[in-house]
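Asker: To get the working numbering, take the position in the sequence shown, counting from 1, and add 629.
Note that beta-carbon positions come from the ideal geometry of N, C-alpha and C, so glycine has one too.
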Amino acid sequence: KVFNRPILFDIVSRGSPADLDGLLSFLLTHKKRLTDEEFREPSTGKTCLPKALLNLSGGKNDTIPVLLDIAEKTGNMREFINSPFRDVYYRGQTALHIAIERRCKHYVELLVEKGADVHAQARGRFFQPKDEGGYFYFGELPLSLAACTNQPHIVHYLTENGHKQADLRRQDSRGNTVLHALVAIADNTRENTKFVTKMYDLLLVKCAKLFPDTNLEALLNNDGLSPLMMAAKTGKIGIFQHIIRREITDEDARHLSRKFKDWAYGPVYSSLYDLSSLDTCGEEVSVLEILVYNS
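(1) Report the three-state DSSP secondary structure of K865 (helix, strand or coil).
(2) Taking the straight line between their C-alpha atoms, what separation do you get for F632 and P679?
(3) Decide if the region 730-738 is in contact with the region 700-715; the criterion is three or more beta carbon pairs, one per stretch, under 8 Å apart.
(4) Can you check which of these residues, L725, L696, R799, S712, is closest to L848 by C-alpha distance?
(5) Reducing DSSP to helix, strand and coil, say where S712 ends up.
(6) Of all the alpha helix (DSSP H) runs that stay within the bounds of the region 794-836, which reach a length of 4 or more residues?
(7) Rounded to a whole number of angstroms, what is the C-alpha to C-alpha distance between G744 and D650?
(8) In terms of alpha-carbon separation, which member of E742, H726, Y766 lies closest to L772?
(9) For the structure I just gave you, are there three or more beta carbon pairs, one from the region 755-766 and one from the region 788-796, closer than 8 Å?
(10) Tell me the start and end of each unbroken alpha helix (DSSP H) in the region 685-768 that is at least 4 residues and wholly inside, in chain order.
(11) Using a Cβ-Cβ cutoff of less than 7 Å, which residues in the same chain neighbour A810 once the five nearest sequence positions on both sides are dropped?
(12) How far does the alpha helix (DSSP H) with T778 in it reach, from first residue to last?
(13) Examine the Cβ distances between the region 803-817 and the region 845-865 and report whether three or more of them are shorter than 8 Å.
(14) For L657, is the classification buried or exposed, using 16 other Cβ atoms within 10 angstroms of its Cβ as the cut-off for buried?
(15) Does DSSP classify I636 as helix, strand or coil?
(16) Quick one: residues in its chain with C-beta nearer than 6 Å to the C-beta of I866, no 5 flanking neighbours on either side, listed in chain order?
(17) According to DSSP, simplified to helix, strand and coil, what is F668?
(18) Going straight from the alpha carbon of F869 to that of D830, what length do you get?
(19) Comparing alpha-carbon positions, which option in K734, A751, R752 lies nearest H785?
(20) Closer than 7 Å by C-beta to R754: which residues in its own chain qualify, once you throw out the five before and the five after it? Chain order, please.
(21) Helix, strand or coil for H871? Go by DSSP, reduced to three states.
(22) Considering only the beta carbon of each residue, do G721 and D691 sit closer than 7 Å?
(23) In chain order, what residues of the same chain have a beta carbon less than 6 Å from the beta carbon of A795, not counting five sequence neighbours either side?
(24) So, helix, strand or coil for R643, using DSSP?
(25) P856 by DSSP, collapsed to three states: which one?
(26) When you compare only the Cα positions, how much space is there between R752 and N711?
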């Protein structure tokens, strides 16, 4: 039985594991691997694993565990799982990115368990901001993709699993953290603002608990902007208002609040607001400056 790229891609597109019978013996006999150039799509460098993930039926493709088993037995599991797209549009995208985009937590878990790179960066033209000719900028990293597509269950898994945890402090090629990425995809609509602000707080608090010495919100990108400054500069009023009014009740993360109740008497109360970075003096850029000079 002979296998080549068209045959292999057709089998995984149909999700037919029975048709993969004989593939392992073929590869071992001819000393080949699924990552060899002859089994890749010439234009993108894509292997059969992303092809399978892009062709799910009812959220699954039964050829995927078979392919992973074969890759393990031919000795290049990690290379197979982490093999990125190489074309200008999708450069850097891996199987893990696709599993997250497809909202398939079971495949995310399987890939991470088998050695997926949780810090792989999708930097192709498709993944750039719209004002730069791209289509969907999400911060390049798998964790940022899960956050920007509103998948808290995958966010929790990526940061807490027992195999390889995604570092919440990781920054992409623009210096953006996952919080910057959320600001980038905010669009000021009610539904979007609701999910973005909820995810923002989830990540901020989670980082404070996992890395007590790091304030994720204080990390600056390559333009010298914090998430709050970025929100001000780009007119993301929904997330901007949320950040400056944020009140966190969780005792372990209450220090992240920017609004503190001072006193209350019946229905009347007074609150104190943290003005850090809003109106600063000296060399540090303030949010007030950004608002004035961008108006």
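Answerer: Here's the rundown:
(1) Here residue 865 is taken as the residue at index 236 of the sequence shown, counted from 1. Coil, per DSSP.
(2) As a position in the sequence shown, residue 632 is number 3, starting the count at 1. As a position in the sequence shown, residue 679 is number 50, starting the count at 1. Cα-Cα distance, rounded: 18 Å.
(3) no
(4) As a position in the sequence shown, residue 848 is number 219, starting the count at 1. Of the listed residues, the one whose Cα sits closest to L848 is R799.
(5) Along the sequence shown, one-based indexing puts residue 712 at 83. Reduced to three states, the DSSP call for S712 is coil.
(6) 807-814
(7) The residue labelled residue 744 in the question sits at position 115 within the sequence shown. The residue labelled residue 650 in the question sits at position 21 within the sequence shown. Cα-Cα distance, rounded: 25 Å.
(8) Here residue 772 refers to the residue found at position 143 when the sequence shown is read from its first residue. The candidate whose alpha carbon is nearest that of L772 is H726.
(9) no
(10) 692-702, 706-711, 724-730, 734-742
(11) Here residue 810 refers to the residue found at position 181 when the sequence shown is read from its first residue. Once the five neighbours on either side are set aside, the close Cβ partners of A810 are F767, G768, S773, A776, C777.
(12) Taking the sequence shown and counting its residues from 1, one reaches residue 778 at position 149. Looking at the DSSP string, T778 is not in any alpha helix (DSSP H), and its letter there is neither H nor E.
(13) yes
(14) The residue you call residue 657 lines up with position 28 of the sequence shown. The residue in question, L657, is exposed, as its Cβ has fewer than 16 Cβ neighbours within 10 Å.
(15) As a working note, residue 636 is residue 7 in the sequence shown. DSSP places I636 in helix when its eight states are reduced to three.
(16) Stepping through the sequence shown from its first residue, residue 866 is reached at position 237. Closer than 6 Å at the Cβ level, and outside the excluded window around I866, lie N817.
(17) For the purposes of this step, residue 668 is taken as the residue at position 39 of the sequence shown. The answer is helix: DSSP assigns F668 an H, G or I state.
(18) Here residue 869 is taken as the residue at index 240 of the sequence shown, counted from 1. Here residue 830 is taken as the residue at index 201 of the sequence shown, counted from 1. When rounded, the distance between both Cα atoms is 13 Å.
(19) In the sequence shown, counting from the first residue as 1, residue 785 sits at position 156. Per the Cα distances, K734.
(20) The count along the sequence shown starts at 1 and reaches residue 754 at position 125. Correct list, in chain order: V717, Y718, G762, G763.
(21) Start at 1 with the first residue of the sequence shown, and residue 871 comes out as number 242. Helix.
(22) What you label residue 721 is simply residue 92 of the sequence shown in a count that begins at 1. What you label residue 691 is simply residue 62 of the sequence shown in a count that begins at 1. It is not a contact, given that the beta carbons lie outside the stated cut-off.
(23) As a first step, residue 795 must be located in the sequence shown, where it is residue number 166. Correct list, in chain order: V747, L772, L787, T788.
(24) Counting from 1 along the sequence shown, the entry for residue 643 is found at position 14. Helix, per DSSP.
(25) Taking the first residue of the sequence shown as 1, we reach residue 856 at position 227. In this structure, P856 counts as helix in the three-state DSSP scheme.
(26) Translated into positions along the sequence shown, residue 752 becomes position 123. Translated into positions along the sequence shown, residue 711 becomes position 82. C-alpha separation (whole angstroms): 15 Å.
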